[in-house]
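Report on the structure given below.
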Amino acid sequence: AVLQKGLLANELPIVTTNPNTLEEQAKKKMPKAGFDYIVGGAGEAATMDANRLAFRQWKIVPRVLKPTTPRDLSVTIFGQKFDVPLLMAPVGVNSLFHPDKEIGVAQACAELRVPFTLSTAAESTFEQVAAAAPESPKWFQLYWPNDEEITASLLKRAKDNGFTALVVTLDTWTLAWRPYDLDTANVPFLLGQGDAIGFSDPVFRRKFAEMSDGGTPEENTLQAAVYWIGETFSGTSRSWEDLKILKKYWDGPIILKGILSVEDAELAVEHGMDGIIVSNHGGRQIDGAIATLDVLPEIVDAVGSKLTVMMDSGIRTGADIVKALALGAKAVFVGRPVVYGLGINGKEGAEAVLAGLLADLDLTMGFAGVKSIAELKRSMLRKIQHSG
Ligand code: FNR
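Reading the sequence shown from the start, the letters are residues 18 to 405 in the UniProt record's numbering.
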């Protein structure tokens, strides 16, 4: 409806509606360091390409002359009803992209009732995001600190500020080989203006003061950032057994992000997890990792009745969302496109991208002949590989 109103008023959209030129528009408008950080994948970007190719290989077989209005895009996840099956993926260091930062994206999500996921690497605090989007659903993504006291503090602040589910990212215990950042000496976590989630944490501040003779993170930005990164990129020291620690401090749903194998999905069930996000981090970690859509069906078949399977990596259109849901995901997350929108035009830009994606989803469902998300089934898709 937002887009249609604009079209009727003969207004040009503030952000291109063309998924193929969004990146180009962002490149023209954004600071180089920020753009490079978003656009980059690991290695030669083979996994980024694979994510898109996997979507292209599945084709929708539409039905006609079926009642498709009014359409209901809602889904229920962990007992909570969401108006749409799309969530904002956690994306850190948003000050590199636009001064509206995470607060702007959270507000854009709130306008469209898209659940927002706040990253541990965010540069807006729990308190700021909660104040900016008090009514809308909010989840928290944890880069799991080495220090249990800091972990407990982050989880308590998330809970106190109305964040209802915990996403634990497991594929990024350190940053991968990312040429876009390496070749430009782009150190995004240091270029950002200090990590607000970290720097604002009372336990982190106390520990930093102890190790720096009473210093504050603001006075010693570089040293504090290095300490914070060392904490949250916790290396390979974690095991499945450690998930108990999180349960001690978090009584809501726990979702593991970065699952790509049936074996790990089954271990998530065994360890009492509530959900998983089938994700390759948008192709930013292992170059050569399998596309998420290529493993989604087997993971859904193995564990889909035991926990909530969601997915991300490569979602660019409404048809992509239809395909992922038809293959069994309960909801999907989107990353880069929204952040390009933020870079192009702040909160309004992020909102325009999300509104476009949702309008495209709504139209595609209607044209496919479905009225609700529950009607999206694997039988409406065919996998076809065109050669050449
Ligand atoms: C990310 N992603 C990410 N994931 C996470 O768990 N914590 C984080 O702080 C970040 N930060 C981040 C920054 C940027 C610039 C990007 C592009 C991505 C990964 C993100 O949550 C998601 O998995 C991918 O973005 C999904 O792929 P698409 O939609 O970008 O193709």
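For glycine and all other residues, C-beta sits at the position ideal for the given N, C-alpha and C. Given the structure is predicted, the values throughout are model-derived calculations rather than measurements.
* Asked: Touch check for the segment 109 to 122 and the segment 345 to 365: three-plus C-beta pairs under 8 Å?
  -> By the Cβ criterion, the segment 109 to 122 is in contact with the segment 345 to 365, since at least three pairs of Cβ atoms, one from each stretch, lie closer than 8 Å.
* To do: Locate the alpha helix (DSSP H) running through Q145, then write down its first and last residues.
  => Along the sequence shown, one-based indexing puts residue 145 at 128. Residues 143 to 149.
* For F350, the three-state DSSP class (helix, strand or coil) -> As a working note, residue 350 is residue 333 in the sequence shown. Here F350 carries a strand assignment [DSSP, helix/strand/coil].
* **Proximal residues to I104 (C-beta, below 7 Å), its chain only, five neighbours per side dropped** => In the sequence shown, residue 104 corresponds to position 87, counting from 1. Inspection of the sequence shows that residue 104 is occupied by Leu rather than by Ile. Beyond the five residues adjoining it in sequence on each side, L104 comes within less than 7 Å, by CB distance, of V131, P132, T134, A348, F350 in the same chain, given in chain order.
* Closest by CA to R301, which one among K224, L371, T191, W245? -> Here the question's residue 301 lines up with position 284 in the sequence shown. Proximity to R301 across K224, L371, T191, W245 peaks at T191, based on C-alpha coordinates.
* Determine whether the Cβ of R195 lies closer than 7 Å to any Cβ atom of chain C. => Although the question refers to chain C, the structure presented lacks it and comprises just one protein chain.
* Look at the Cβ atom of G373, then the Cβ atom of G345, and state whether they are nearer than 7 Å. => Looking up residue 373 in the sequence shown gives position 356. Looking up residue 345 in the sequence shown gives position 328. Result no, Cβ atoms of G373 and G345 do not sit closer than 7 Å.
* To do: Return the chain-ordered list of same chain residues with a C-beta closer than 6 Å to the C-beta of E236, the five sequence neighbours on each side being excluded.
  => Along the sequence shown, read from residue 1 onward, the residue named residue 236 stands at position 219. Within the same chain, no residue comes within 6 Å of E236 by CB-CB distance, once the 5 residues on both sides are set aside.
* Reduced DSSP category for K264 - H, G, I as helix; E, B as strand; rest coil -> The residue you call residue 264 lines up with position 247 of the sequence shown. DSSP places K264 in helix when its eight states are reduced to three.
* Asked: Is G373 helix, strand or coil when you go by DSSP?
  -> As a first step, residue 373 must be located in the sequence shown, where it is residue number 356. Of the three classes helix, strand and coil, the one that applies to G373 here is helix, per DSSP.
* To do: Tell me whether G358 sits in a helix, a strand or coil according to DSSP, three-state version.
  => Within the sequence shown, the letter at position 341 stands for residue 358. G358 sits in a helix when the DSSP states are folded into three classes.
* Asked: So does the segment 211 to 228 actually touch the segment 238 to 257, counting three or more Cβ pairs closer than 8 Å?
  -> By the Cβ rule, the segment 211 to 228 counts as touching the segment 238 to 257, because three or more pairs are nearer than 8 Å.
* Asked: Taking the DSSP output, what are the residues bridged to S389?
  -> As a first step, residue 389 must be located in the sequence shown, where it is residue number 372. Partner residues in the beta bridge of S389, as assigned by DSSP, are D89.
* Which of helix, strand or coil DSSP assigns to K98 -> Here residue 98 is taken as the residue at index 81 of the sequence shown, counted from 1. Here K98 sits in strand by DSSP.
* Just how far apart, CA to CA, sit R395 and N297? -> If you number the sequence shown from 1, residue 395 lands on position 378. If you number the sequence shown from 1, residue 297 lands on position 280. Taken atom to atom, the span from the alpha-carbon of R395 to that of N297 is near 22 Å.
* Asked: Whole alpha helix (DSSP H) runs in the segment 285 to 316 with 4 or more residues, listed along the chain?
  -> Counting only runs of 4 or more residues that sit fully inside the segment 285 to 316, no alpha helix (DSSP H) segment turns up.
* **Nearest candidate by alpha-carbon position, reference I303, set L90, N111, A149, A193** => Along the sequence shown, read from residue 1 onward, the residue named residue 303 stands at position 286. For I303, the nearest C-alpha among the options comes from A193.
* Asked: Pick from M47, V122, F52, D53: whose alpha carbon is nearest that of A369?
  -> Here residue 369 refers to the residue found at position 352 of the sequence shown. Between A369 and the set M47, V122, F52, D53, the nearest pair of CA atoms involves V122.
* Residue range of the unbroken beta strand (DSSP E) whose run includes F157 -> In the sequence shown, counting from the first residue as 1, residue 157 sits at position 140. For F157, the enclosing beta strand (DSSP E) covers residues 155 to 159.
* Between D117 and the ligand FNR, is the CB less than 6 Å from at least one heavy atom? -> Stepping through the sequence shown from its first residue, residue 117 is reached at position 100. Every heavy atom of the ligand FNR is 6 Å or more from the Cβ of D117, so no.
* Asked: Pick from L284, A242, I276: whose alpha carbon is nearest that of W257?
  -> Here residue 257 refers to the residue found at position 240 when the sequence shown is read from its first residue. Selection L284, A242, I276 evaluated against W257 yields L284 as nearest (Cα-Cα).
* Coil, strand or helix - S256 by DSSP -> As a position in the sequence shown, residue 256 is number 239, starting the count at 1. Three-state result, S256: coil.
* **Cβ-Cβ distance between A182 and P270 below 7 Å** => Here residue 182 corresponds to residue number 165 of the sequence shown, with the count starting at 1. Here residue 270 corresponds to residue number 253 of the sequence shown, with the count starting at 1. Annotated as proximal: A182 and P270, with beta-carbon spacing under 7 Å.
* To do: For the beta strand (DSSP E) containing R275, list its first residue and its last residue.
  => Translated into positions along the sequence shown, residue 275 becomes position 258. The residue you asked about is not Arg; residue 275 is Gly in the sequence shown. Unbroken beta strand (DSSP E) run through G275: 271 to 276.
* Would you call N27 buried or exposed, if buried means 16 or more other Cβ atoms sit within 10 Å of its Cβ? -> As a working note, residue 27 is residue 10 in the sequence shown. Flag for N27 reads exposed.
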